[in-house]
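There are 2 protein chains.
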Amino acid sequence: MQTELSRKLGVEHAVFGFTPFPAVAAAISRAGGFGVLGAVRYTAPDDLKRDLDWLDEHAGGRPYGLDVVMPAKKVEGVTEADVEAMIPEGHRQFVRDTLAKYGVAELAEGEASGWRITGWMEQVARGQLDVAFDYPIKLLANALGSPPPDVVARAHDRGVLVAALAGSARHARKHQQAGIDIVVAQGYEAGGHTGEIATMVLTPEIVDAVDPLPVLAAGGIGSGQQVAAALTLGAQGVWLGSLWLTTTEADLHSPALTRKLLAAGSGDTVRSRALTGKPARQLRTEWTDAWDDPAGPGTLPMPLQGLLVAEAVSRIQKYEVEPLLGTPVGQIVGRMSSERSVQAVFDDLTRGFEKAVDRINRIAGRSGT
Amino acid sequence: MQTELSRKLGVEHAVFGFTPFPAVAAAISRAGGFGVLGAVRYTAPDDLKRDLDWLDEHAGGRPYGLDVVMPAKKVEGVTEADVEAMIPEGHRQFVRDTLAKYGVAELAEGEASGWRITGWMEQVARGQLDVAFDYPIKLLANALGSPPPDVVARAHDRGVLVAALAGSARHARKHQQAGIDIVVAQGYEAGGHTGEIATMVLTPEIVDAVDPLPVLAAGGIGSGQQVAAALTLGAQGVWLGSLWLTTTEADLHSPALTRKLLAAGSGDTVRSRALTGKPARQLRTEWTDAWDDPAGPGTLPMPLQGLLVAEAVSRIQKYEVEPLLGTPVGQIVGRMSSERSVQAVFDDLTRGFEKAVDRINRIAGRSGT
Chain A
14 MQTELSRKLG
24 VEHAVFGFTP
34 FPAVAAAISR
44 AGGFGVLGAV
54 RYTAPDDLKR
64 DLDWLDEHAG
74 GRPYGLDVVM
84 PAKKVEGVTE
94 ADVEAMIPEG
104 HRQFVRDTLA
114 KYGVAELAEG
124 EASGWRITGW
134 MEQVARGQLD
144 VAFDYPIKLL
154 ANALGSPPPD
164 VVARAHDRGV
174 LVAALAGSAR
184 HARKHQQAGI
194 DIVVAQGYEA
204 GGHTGEIATM
214 VLTPEIVDAV
224 DPLPVLAAGG
234 IGSGQQVAAA
244 LTLGAQGVWL
254 GSLWLTTTEA
264 DLHSPALTRK
274 LLAAGSGDTV
284 RSRALTGKPA
294 RQLRTEWTDA
304 WDDPAGPGTL
314 PMPLQGLLVA
324 EAVSRIQKYE
334 VEPLLGTPVG
344 QIVGRMSSER
354 SVQAVFDDLT
364 RGFEKAVDRI
374 NRIAGRSGT
Chain B
14 MQTELSRKLG
24 VEHAVFGFTP
34 FPAVAAAISR
44 AGGFGVLGAV
54 RYTAPDDLKR
64 DLDWLDEHAG
74 GRPYGLDVVM
84 PAKKVEGVTE
94 ADVEAMIPEG
104 HRQFVRDTLA
114 KYGVAELAEG
124 EASGWRITGW
134 MEQVARGQLD
144 VAFDYPIKLL
154 ANALGSPPPD
164 VVARAHDRGV
174 LVAALAGSAR
184 HARKHQQAGI
194 DIVVAQGYEA
204 GGHTGEIATM
214 VLTPEIVDAV
224 DPLPVLAAGG
234 IGSGQQVAAA
244 LTLGAQGVWL
254 GSLWLTTTEA
264 DLHSPALTRK
274 LLAAGSGDTV
284 RSRALTGKPA
294 RQLRTEWTDA
304 WDDPAGPGTL
314 PMPLQGLLVA
324 EAVSRIQKYE
334 VEPLLGTPVG
344 QIVGRMSSER
354 SVQAVFDDLT
364 RGFEKAVDRI
374 NRIAGRSGT
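Heads up: the sequence lines are chains A and B, in that order. Per the numbering used here, the first sequence starts with residue 14, numbered consecutively. Per the numbering used here, the second sequence starts with residue 14, numbered consecutively.
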């Protein structure tokens, strides 16, 4: 699985693996892919520094990258307290009532919560970058639009390629205009924030829209067949996130959540605003149902919703309240039915890829291959 | 593009083209694909007979098929009048108000309307089959569940393969249990009735679920690249519907609708219950917006919604009321940007397929191909 981009980055397989876990990112890079560590949960620079130290030591000298969540537009002088004040009391009451209905216990005194939202604040992301640029990262990805121009320039000065996610050709062209090097075409079926256009349609559309920029296909990719299909559509690589959640190197801190992921079918996800206020695909739970119920108060816009539910989500996760327990994940969750090592997943991807190429050659009547 | 199934059916390319237009079906079969005529609009057996005569004469001796819309469950003793009586007056008033708002004129005295719904009644579909089995059709497809057992048996007695559409692995397995020969895996991005699982995920899932039955991939396929990707995913062929709507052989009877289709992007469709009461992907219009608006009365379940809007849809189409004018079509509409002959579309598909196979072979390091 070699493309111009994978050769440029010096990796064996054009498989980019996004993960919040350093152990998974390191294993992806060691297996010949390109591990990308999600930084959103690191609100303290020292925590990120510790995990990047570990990742750098365990990536076997192979390249790796960092994914941040940084808004392109700066919101000046707005504090978390200002945003908190914009949340209606009725919505706060709905959170309390829903948690009470399921008997969800409180966090212990002084226990941290709410990293989901704070990691999205621009100053936090900039703090992450100050740390990350001391490491030999080869790629900086942004999950929320193009990064600000000075960040793009800073990355380019250090020879770091910049990638950004897009759910439409229009967004992809905006990234190109912002000087982005790689567009991640994130299809409807993907986990996390995603638009309505499916990978099969979106990938070639974005490839054409930003030519000659390289495009990574994301969404619905969890087997070697799907990798082959995505590369057939013109992508220079694939961007996989969900698939690693049930690897043995992942540390979800929740056996119940792992069980739910392993049991879920492709129809058990929902694209809901419950988590952040923007549509994000995740496991469908009684929590997402409550927010999507027309009888309820409905969700608030980003960033209010994320702030509103941050503590509740922490409590649900800590106490593993099964009916409410979820996570961002794509429709490919239906294929995640056993815990395997990252290397085993890679072996499966490469074997499946070769078989798929054999198959399409037979169909094309190219018997020599 | 040769698979076991295309060889069994004696066609050059494993490309199945669904279309309501005999001229398009004939041209697809002549071009080396498999033309499938949609029968739903033929309420009078003689009309279907006339068009099948024409198709048989113009298919160049190549195989073709028929697509009906037949419910698996029989509803005994219910007439169209019974169903009409179940429609609330508030919904009827909403139709009148919406049409009045846009100044949509009445149909002329005695002018027919409402074929969309009547073609779905089982007795009409059975009348269509009585006609169709006199022709050398090689495939009978059903768009609404498995056909009734006696219809499957009747088809098999005549050596006719039976296909049925499925939006989930569960539905596909039900088709297999009902003795269906071919499952059409219809992804989220497809035009018409469709589920929520995208083609990239759905195709391999259904291939595995019904193995060894052959699967056709539908949804998001409008280029040779996409054909190659779908076949890579394990399909034995592709099922294309939307792509033919803007061919020169198609007869939409509406230059305005053709213009809208040619201008639409991949984001200009919506999966709405406005047309039939079940979610169907179609052009997003002010008509679908009105039905999907939480401030409106909302849609009725199938078959009430189809019956409710049948006359209105006829009026909108006849008078080409542009803001309201739509049609079922998939996200691939973004690729339909010029009127071309069916043969030109096929040439493009086969060229694009070969290029896509070249590309994936380069990525796989198989330089000999």
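Think of the CB as a built atom: it goes at the ideal place given N, C-alpha and C, for glycine as much as any other residue.
Whole-angstrom C-beta distance between residue j and residue i, which should lie under 8 Å
{"i": "serine 285(B)", "j": "alanine 276(B)", "result": "Contact flag wrong, Cβ pair sits at about 19 Å."}
{"i": "valine 214(A)", "j": "leucine 229(A)", "result": "About 16 Å; that fails the 8 Å criterion."}
{"i": "proline 336(A)", "j": "leucine 288(A)", "result": "At roughly 16 Å, the Cβ-Cβ gap does not stay under 8 Å, so proline 336(A) and leucine 288(A) are not in contact."}
{"i": "glycine 290(A)", "j": "proline 314(A)", "result": "5 Å"}
{"i": "glycine 78(A)", "j": "valine 49(A)", "result": "4 Å"}
{"i": "valine 164(B)", "j": "leucine 142(B)", "result": "7 Å"}
{"i": "methionine 83(A)", "j": "proline 160(A)", "result": "5 Å"}
{"i": "serine 146(A)", "j": "aspartate 80(A)", "result": "Here the sequence assigns phenylalanine to residue 146(A), which means serine is not the residue at that position. Contact flag wrong, Cβ pair sits at about 14 Å."}
{"i": "proline 76(A)", "j": "valine 24(A)", "result": "6 Å"}
Straight-line gap, residue i to residue j (C-alpha atoms, nearest Å)
{"i": "threonine 261(A)", "j": "alanine 231(A)", "result": "22 Å"}
{"i": "valine 326(A)", "j": "glycine 319(A)", "result": "9 Å"}
{"i": "glutamate 102(A)", "j": "leucine 120(A)", "result": "21 Å"}
{"i": "glycine 180(A)", "j": "glycine 200(A)", "result": "6 Å"}
{"i": "proline 162(A)", "j": "leucine 256(B)", "result": "40 Å"}
{"i": "phenylalanine 387(B)", "j": "alanine 357(A)", "result": "No answer is possible for residue 387(B): it lies beyond the span of chain B, which begins at 14 and ends at 382."}
{"i": "valine 175(B)", "j": "aspartate 224(A)", "result": "43 Å"}
{"i": "glycine 172(A)", "j": "glutamine 15(A)", "result": "21 Å"}
{"i": "leucine 274(A)", "j": "threonine 216(B)", "result": "21 Å"}
{"i": "leucine 391(B)", "j": "threonine 301(B)", "result": "This structure cannot speak to residue 391(B), because chain B is shown only from 14 to 382."}
{"i": "alanine 38(A)", "j": "leucine 258(B)", "result": "46 Å"}
{"i": "histidine 206(A)", "j": "aspartate 360(B)", "result": "37 Å"}
{"i": "glycine 233(B)", "j": "leucine 157(B)", "result": "20 Å"}
{"i": "alanine 185(A)", "j": "arginine 348(B)", "result": "17 Å"}
{"i": "proline 227(A)", "j": "valine 370(B)", "result": "19 Å"}
{"i": "isoleucine 3(A)", "j": "glycine 235(B)", "result": "The structure shown does not extend to residue 3(A), since chain A spans only 14 to 382, so no value can be given for it."}
{"i": "leucine 321(B)", "j": "tryptophan 304(B)", "result": "12 Å"}
{"i": "tryptophan 128(A)", "j": "glutamate 324(A)", "result": "Because the pLDDT at tryptophan 128(A) is just 49, under 50, the model does not fix this residue reliably, and the point stays unresolved."}
{"i": "alanine 211(B)", "j": "valine 144(A)", "result": "39 Å"}
{"i": "arginine 63(B)", "j": "valine 283(A)", "result": "46 Å"}
{"i": "threonine 245(A)", "j": "glycine 204(A)", "result": "22 Å"}
{"i": "aspartate 60(B)", "j": "alanine 138(B)", "result": "13 Å"}
{"i": "proline 149(B)", "j": "arginine 167(B)", "result": "14 Å"}
{"i": "glutamate 17(B)", "j": "glutamate 333(B)", "result": "44 Å"}
{"i": "lysine 368(B)", "j": "arginine 328(B)", "result": "44 Å"}
{"i": "aspartate 170(A)", "j": "alanine 40(A)", "result": "28 Å"}
{"i": "alanine 243(A)", "j": "alanine 377(B)", "result": "13 Å"}
{"i": "arginine 379(B)", "j": "leucine 362(B)", "result": "23 Å"}
{"i": "leucine 65(A)", "j": "leucine 296(A)", "result": "29 Å"}
Buried versus exposed, by CB contacts within 10 Å (16 or more), residue i
{"i": "valine 266(A)", "result": "Valine is not the amino acid found at residue 266(A); the sequence shown has histidine there. That one is exposed."}
{"i": "lysine 151(A)", "result": "buried"}
{"i": "valine 91(B)", "result": "exposed"}
{"i": "glutamate 202(A)", "result": "buried"}
{"i": "glutamate 308(A)", "result": "Looking at the sequence shown, residue 308(A) is not glutamate but alanine. The residue in question, alanine 308(A), is exposed, as its Cβ has fewer than 16 Cβ neighbours within 10 Å."}
{"i": "glycine 280(B)", "result": "buried"}
{"i": "glycine 51(A)", "result": "buried"}
{"i": "glycine 247(B)", "result": "buried"}
{"i": "glutamate 135(B)", "result": "buried"}
{"i": "serine 42(B)", "result": "buried"}
{"i": "arginine 20(B)", "result": "exposed"}
{"i": "arginine 109(A)", "result": "exposed"}
{"i": "alanine 118(B)", "result": "exposed"}
Amino acids of chain D, ordered along the chain, whose beta-carbon sits closer than 9 Å to that of residue i
{"i": "threonine 363(A)", "result": "Here the protein chains are A and B, and chain D is not one of them."}
Under 7 Å, CB to CB, which of the residues in the segment 168-199 of chain A have a partner in chain B?
Ser181
Just to confirm the assignment: which complete alpha helix (DSSP H) runs, minimum length 4, are found wholly within the segment 31-91 of chain B?
35-43 and 58-71
Against chain A: residues of the segment 343-357 of chain B by CB proximity under 7 Å
Gln344, Ile345 and Gly347
In the segment 237-249 of chain A, which residues sit with their C-beta less than 8 Å from some C-beta in chain B, listed in chain order?
Gln238, Gln239, Ala241, Ala242, Ala243, Leu244, Thr245, Leu246 and Gly247
What ranges does the beta strand (DSSP E) occupy inside the segment 154-226 of chain B, keeping only unbroken runs of at least 3 residues that lie completely in it?
174-179 and 195-199
With 7 Å as the limit, tell me which residues of the segment 275-304 of chain B have their beta carbon closer than that to any beta carbon of chain A; keep them in chain order.
Ser279 and Gly280
Along the segment 332-343 of chain A, where does the CB come closer than 9 Å to a CB of chain B? Name the residues.
Gly343
Give me the subset of the segment 202-217 of chain A whose CB atoms are less than 9 Å from a CB atom of chain B, sorted by chain position.
Glu202, Gly208, Glu209, Ile210, Ala211, Thr212, Met213, Val214, Leu215, Thr216 and Pro217
So within the segment 286-347 of chain A, which uninterrupted beta strand (DSSP E) runs reach at least 3 residues, ignoring any that extend past its ends?
293-296
Taking only beta carbons into account, state which residues of the segment 366-379 of chain B come closer than 8 Å to chain A, listed in chain order.
Phe366, Glu367, Ala369, Val370, Arg372, Ile373, Asn374, Ile376, Ala377, Gly378 and Arg379
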